[in-house]
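Worksheet: the structure to be examined is printed underneath.
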Amino acid sequence: MKWAILCTVGNGFNGTRASLAHCVHCGGESVWWSPKVQATFGMMVYPAATSAPPPHDDMPEDVRADYEEARQIAVVSPRAASALLRLSIEKLCAGLNAKGNNINERIGDLVAGGLPIGVQRALDAVRVIGNNAVHPGKMDRADVGAVCNTLFALVNLIVEDRITSPKMVDDVFSSLPSGARDAIERRDAGEGKQAE
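For the sequence shown, the numbering used here begins at 949 and goes up steadily by one.
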């Protein structure tokens, strides 16, 4: 790392408690805040450190925006991150064309449409923890912090099951020869046998 202490200008150069670090390995830059003036150590304030997993590649953009915001604040406020993840799944349910006046009804609609129990439980876990994280007396702050990263993984799991897996199956199925696809459609319509 190469360090540069940020200074104020006026009556000469005066050092501050902020430093800029340049990584000689990756070329990235970071900003650090120190308890002492002109020190090259302290707490990294930019970019925000996070241990939360990145969003799934197939995550819709509107959901991804809230997910990324949650990642940025998870270390500082796991309660707020949990609430944003709850908002993420609410948008995800809407994007999956789930019907209902609220997130609970939308999850119920997905369940009625054959949603696997594991995905339903993941949705409900993110919903309930996200709700309880911001309501006084519902959840201990330490408990929210302990489970927050798991919620990120659950949101990614939901995207994998509801978006990525069906897309992969559709892509493979559409690559089958048209004769085989036609035979499968006839079989499913009760018109005859499937081609081997």
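Glycine residues also receive a C-beta, built at the ideal position from the N, C-alpha and C atoms.
Next on the checklist: Starting from C955, trace the beta strand (DSSP E) in both directions and tell me its first and last residue.
Outcome noted: According to the DSSP assignment, C955 belongs to the beta strand (DSSP E) that extends over K950 to V957.
Environment of D1010 [buried if 16+ CB atoms lie within 10 Å]: exposed
- Message: To the nearest angstrom, how far is the alpha carbon of T964 from that of W980?
- Response: 11 Å
For the beta strand (DSSP E) containing E977, list its first residue and its last residue.
-> E977 to W981
Quiz item: Taking C-beta to C-beta, are C1041 and R1027 nearer than 8 Å?
Solution: no
Quiz item: What is the DSSP secondary structure of V1023, counted as helix, strand or coil?
Solution: coil
Is the beta carbon of R1034 sitting closer than 8 Å to the one on N1052?
No, they are not a contact pair.
Where does the unbroken beta strand (DSSP E) through V993 begin, and where does it stop? M991 to Y994
Terminal residues of the alpha helix (DSSP H) in which S1122 lies
S1113 to S1122
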